[in-house]
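Comments concern the structure below.
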Amino acid sequence: MSKIGTALCITYLLAILVCLGFALTAHGDPKGQFVFAQIPIALQGSFAVGLGFGPALARLSWPEAYLYLAGPTFVLLYAVGWVITATMRRLVSAWQSTRRMA
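Every position in the sequence shown, counted from 1, becomes a number in the working numbering once 110 is added.
Dropping the structure here:
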């Protein structure tokens with residue numbers, strides 16, 4: 111289990127919850143609700159539009175958009191954390207072995 115990957119995922123989840131909390135408390139301000147609801151998935155949505163998935167995204171509800179865009183983001187964040195952890199372990203191991211030889 112990658113502690114760094116888990117920390118990245120928890121940070122992203124907290125960002126989602128904060129933004130959705132602001133969106134739900136923006137009573138009477140539909141533009142504010144829309145802006146805060148889209149912040150956590152805006153980059154992924156732009157990437158998907160760039161890949162040609164714009165028409166498909168336009169038909170999605172907010173829960174579906176979060177499922178399809180934020181779901182893979184959690185996997186990617188965990189994978190990045192795992193790679194960082196594995197790289198750090200290798201570097202520490204290599205440093206310790208060279209230090210023993212000296």
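Every residue gets a Cβ at the ideal spot worked out from N, C-alpha and C, and that includes glycine. Because the structure is a prediction, the values reported are computed rather than measured.
Within 10 angstroms of its Cβ, does LEU134 collect 16 or more other Cβ (buried), or is it exposed? exposed
Can you tell me which of PHE146, PHE132, ALA136 and LEU186 puts its alpha carbon nearest to the alpha carbon of CYS119? LEU186
Using the beta-carbon count (16 or more within 10 Å), is GLY191 buried or exposed? buried
Between the beta-carbon of ALA158 and the beta-carbon of LEU179, is there less than 8 Å? yes
How should PHE144 be labelled, buried or exposed, when 16 other C-beta atoms within 10 angstroms of its C-beta is the threshold for buried? exposed
Taking the C-alpha atoms as reference points, what is the distance between GLY164 and PRO173? 17 Å
On the three-state DSSP scale, how would you describe PHE132? helix
Would you kindly report the start and end of the unbroken alpha helix (DSSP H) that includes PRO165? 164-168
Residue range of the unbroken alpha helix (DSSP H) whose run includes ILE194: 172-211
Please classify LEU161: does DSSP put it in a helix, a strand, or coil? coil
Per DSSP, what kind of secondary structure is VAL142 in: helix, strand or coil? Sequence check: residue 142 is Gly here, not Val. In the structure shown, GLY142 sits in a helix (DSSP, three-state: H, G or I).
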